[in-house]
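Down below is the structure, laid out as structure tokens.
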Amino acid sequence: MIETNYFLALLVSYLGLVVGIILAVVSPEERAPLRKYFKMFRLLILWTIFLASFLFSFNNFYFIIVLAIFAIYLFVGKFVDKVTFSILGILFYISSYDINSMAVMSSLIFVYGVIVGSYHSARNRGLRNLKILGLNIGYVLIGAILPFIFLYL
Numbered sequence: 003m004i005e006t007n008y009f010l011a012l013l014v015s016y017l018g019l020v021v022g023i024i025l026a027v028v029s030p031e032e033r034a035p036l037r038k039y040f041k042m043f044r045l046l047i048l049w050t051i052f053l054a055s056f057l058f059s060f061n062n063f064y065f066i067i068v069l070a071i072f073a074i075y076l077f078v079g080k081f082v083d084k085v086t087f088s089i090l091g092i093l094f095y096i097s098s099y100d101i102n103s104m105a106v107m108s109s110l111i112f113v114y115g116v117i118v119g120s121y122h123s124a125r126n127r128g129l130r131n132l133k134i135l136g137l138n139i140g141y142v143l144i145g146a147i148l149p150f151i152f153l154y155l
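Our numbering numbers the first residue of the sequence shown as 3 and each following residue consecutively.
Structure below.
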């Protein structure tokens with residue numbers, strides 16, 4: 003279960019934040035006009051992650067519970083990216099039981115990270131962009147700790 007591929011997919015999907023920050027820093031003139039689209043695409047990607055997770059969740063009880071919590075979180079509509087990335091870390095771990103599900107989830111989380119990184123770096127400049135990475139590190143921590151917790155269960 004605990005493989006190098008899992009941790010590499012976890013890190014690469016987290017690097018979507020870095021790519022989003024770099025894109026926003028390289029093209030600052032594009033940030034303001036695209037800001038309203040970033041909010042819309044962020045919601046669209048979250049619902050796509052929910053639907054993709056739902057398609058892969060029929061044989062895993064834990065996945066269905068986390069998916070129900072994620073659905074409630076989406077219906078509330080107040081998104082805190084620290085919480086969102088933490089839930090995505092749990093969904094990523096549960097999706098790792100199937101290689102196809104893990105590939106889809108890591109790709110969608112990467113795209114979500116690009117959008118969130120671009121959206122938040124529009125408000126912050128310079129070294130404050132590193133704060134975005136630090137605030138969302140819960141995704142990597144949860145994704146890295148869960149395999150060790152459930153190793154013997």
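Backbone N, C-alpha and C fix where the C-beta goes; we use that ideal spot for every residue, glycine too.
| So, helix, strand or coil for K38, using DSSP? | helix
| Which residues bound the alpha helix (DSSP H) around I74? | F63 to V78
| said: Could you compute how far the alpha carbon of Y8 sits from the alpha carbon of F72? | reply: 22 Å
| said: Taking the alpha-carbon of S15 as reference, which of H122, S109 and F65 has the nearest alpha-carbon? | reply: S109
| said: If distances are taken between C-alpha atoms only, which option among L45, H122 and I74 comes closest to L25? | reply: H122
| request: Reducing DSSP to helix, strand and coil, say where E5 ends up. | output: coil
| Taking the alpha helix (DSSP H) that P1 falls in, what are its first and last residues? | Outside the modelled stretch of the chain, which goes from 3 to 155, sits residue 1, for which no answer is possible.
| Can you tell me the Cα-Cα spacing of I51 and I111, whole angstroms? | 8 Å
| Classification of N131 by the beta-carbon crowding that lies within 10 angstroms, buried from 16 upward | buried
| field | Cβ-Cβ distance between F40 and I89 below 9 Å | value | no
| CB of V142 within 9 Å of CB of L48, strictly | no
| field | Whole-number beta carbon distance between S120 and S55, since they are thought to touch under 8 Å | value | In fact, because the Cβ distance is near 24 Å, the residues do not count as touching under 8 Å.
| field | L135 to K84 span [Cα, whole Å] | value | 10 Å
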